[in-house]
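Single-structure report; data block below.
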Amino acid sequence: KNEVEQSPQNLTAQEGEFITINCSYSVGISALHWLQQHPGGGIVSLFMLSSGKKKHGRLIATINIQEKHSSLHITASHPRDSAVYICASGNFGNEKLTFGTGTRLTIIP
Amino acid sequence: DTGVSQDPRHKITKRGQNVTFRCDPISEHNRLYWYRQTLGQGPEFLTYFQNEAQLEKSRLLSDRFSAERPKGSFSTLEIQRTEQGDSAMYLCASSLGRGRTDTQYFGPGTRLTVL
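Here the protein sequences come in this chain order: S and F. For the first sequence, position 106 matches number 106 in this note's numbering, and the numbering has no gaps at all. Add 109 to the 1-based position in the second sequence for this note's numbering, that's all there is to it.
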């Protein structure tokens, strides 16, 4: 059974700080997804990656397949980045997602 | 196309009542997933469809739960004889699902409260 663990569970930082959220998983996966969830429940897909690194604006996601580990970085953090960030592993074949419990990020102006 | 939609957004019901939720995926998306999220937790997989075929159901989905996707378009999730433990956010997601790893697009969710 695949398990997905995230750290930290909560993170508070000052505006402008560099943010790192970590994710580890226990078995081989088809892809690792990073998702953002705002209060009220809406979930937005940020990245889907199976190797290397992806960048979108101030967000960077990396994955190390051998170590079964991924990180999400936010550069020059802003209060609007405050949200819950969730990593999820995709299962080979049916692509159903196994989710971590999320990291609640709060950026203070 | 405006994305994945779910209806209703909120549902309050009394224990023992039946409820039905609807999900409209992005058109031409072949795969549709249902997930459930309780407070403070990440979502958990419930079931998924490839077109109209329901291919997998989680053990979380007791016999009080049933899901359908007639004609491979919208999907419904019905909970019979609701219990307080069913209170959660029910999320629907869709993806192209054409034999490759795809991004899943999530709907806004239906928040169920069972009194």
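All C-beta atoms, glycine included, are put in the ideal place defined by N, C-alpha and C.
Asked, Found
"Run of the beta strand (DSSP E) containing H69 (chain S), from where it starts to where it stops", "H69 to I74"
"Straight-line Cα distance separating D116 (chain F) from G227 (chain F)", "Any answer about residue 227 (chain F) is impossible in this case: the structure gives chain F only from 110 up to 224."
"Unbroken beta strand (DSSP E) run spanning V128 (chain F), endpoints", "V128 to D133"
"Test: K54 (chain S) CB closer than 8 Å to a CB of chain F", "no"
"Unbroken beta strand (DSSP E) run spanning G52 (chain S), endpoints", "G52 to H56"
"Spatially closest choice to Q114 (chain S) from S:I74, S:F99, S:D81 and S:S50, by CA coordinates", "In the structure as shown, chain S begins at 1 and stops at 109. Residue 114 (chain S) is therefore absent and cannot be evaluated."
"Interface residues of the stretch 19-39 of chain S facing chain F [CB-CB below 7 Å]", "S30 and A31"
"Closer than 8 Å to chain F by CB, T106 (chain S)", "no"
"Residue from F:E137, F:K180, F:K166 and F:E187 with nearest C-alpha to R173 (chain F)", "F:E187"
"9 Å Cβ cut-off: residues of chain S touching E192 (chain F)", "What E192 (chain F) touches in chain S: nothing, since even the nearest Cβ is about 21 Å away."
"Neighbour-count burial assignment, F18 (chain S), 16 or more Cβ in a 10 Å radius", "exposed"
"Simplified DSSP state of R104 (chain S), which is helix, strand or coil", "strand"
"CB contact flag (G100 (chain S), S30 (chain S), <8 Å)", "no"
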